[in-house]
Amino acid sequence: MNDLVKNNASERKQDYETLEGKTLLRVPRPVRQARVPVASLAATVLLTGLIPASATPAFADTKPQPSPTPSAQPTPPPTRVTDPDKKLGKGWNTSPDRVVTAAADVDGLKILVADSSKAYEWKTAATLSEPGMPADSWIGNQCAMDADHVAAVYAPRTFTNKPDLMQGGAFAAIVTVKTGAVTKLPFTASLASFDPTCNPATHTAAFTAFRGMNG
1 MNDLVKNNAS ERKQDYETLE GKTLLRVPRP VRQARVPVAS LAATVLLTGL
51 IPASATPAFA DTKPQPSPTP SAQPTPPPTR VTDPDKKLGK GWNTSPDRVV
101 TAAADVDGLK ILVADSSKAY EWKTAATLSE PGMPADSWIG NQCAMDADHV
151 AAVYAPRTFT NKPDLMQGGA FAAIVTVKTG AVTKLPFTAS LASFDPTCNP
201 ATHTAAFTAF RGMNG
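Residue 189 in this note's numbering sits at position 189 of the sequence shown, and the numbers go up by one each step.
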């Protein structure tokens, strides 16, 4: 028992040092532990969980793609009566009937003709204009003197902006629809809707002009 007390006292003496009459307690230095960055560890765990075990790199599809199918072109409107035997009736191909009209255009007033014997297929009999006269569009009126002749007045569209030209500055002509020949008349006329006026019974046409009404 006395030996055990002595040994313990001897061990306790080793934990004390004396420095200039002062007793100091010797504290053992703790063992430094290795530090592991928590953030790095957490990021590693997170990325490991997101990446599949058998992930393969993605590549762009290099196979040639089929070219798009071009859109179908719109079907142009028919230029003549379709199925004339059903729509025009018996004898349409021997009928002398004829339709005449006019259409404004940039290169001249077009006189259009369509015959029953051709299923009313439209054709341009003549284009009326004046050489060297600028116009963004040629306008006018027409009427049928008979089956073969058309009377017409025509002028640049801008003539409607001037009262004197509108009322008496339009050019006048007679068109032979079979040949397309144009006979220009030596006077001017009005662009009024009733000008010219035709009488198929007498094969004549009347032209009107209003002079001196704006002076």
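Beta carbons: idealized from backbone N, C-alpha and C, even for Gly.
Assignment of T160 by DSSP, reduced to helix, strand and coil, places it in the helix class. K162 sits away from F171, with the two beta carbons spaced by 9 Å or more. Annotated three-state conformation of G168 is helix, per DSSP. Bridge pairing for N141: V153 [DSSP]. If the five residues before and after S116 are omitted, its C-beta is found closer than 6 Å to the C-beta atoms of W92, S95 and D97, all from its own chain and listed in chain order. Here DSSP, grouped into helix, strand and coil, assigns T94 to helix. Contact between A126 and G180 is confirmed by a C-beta separation of about 5 Å, below the 8 Å threshold. Of the residues I174, I111 and S129, the one whose Cα lies closest to the Cα of W122 is I111. Apart from the 5 residues on each side of it in sequence, R211 sits with its Cβ closer than 6 Å to the Cβ of G168 in its chain, given in chain order.
Taking 9 Å as the cut-off, the beta carbon of V150 is found closer than this to the beta carbon of V100. The three-state secondary structure of P84, taken from DSSP, is helix.
The beta carbon of F187 lies closer than 8 Å to those of A172, F207 and A209 in the same chain, with the five residues before and after it left out.
V106 is positioned such that its CB atom lies closer than 9 Å to that of A135.
According to DSSP, E121 shares a beta bridge with D115. In this structure, A104 sits near S137, with a CB-CB distance shorter than 9 Å. D148 is the residue among V81, S193 and D148 whose C-alpha sits nearest the C-alpha of V177. DSSP, reduced to helix, strand and coil, places T204 within a strand of the structure shown.
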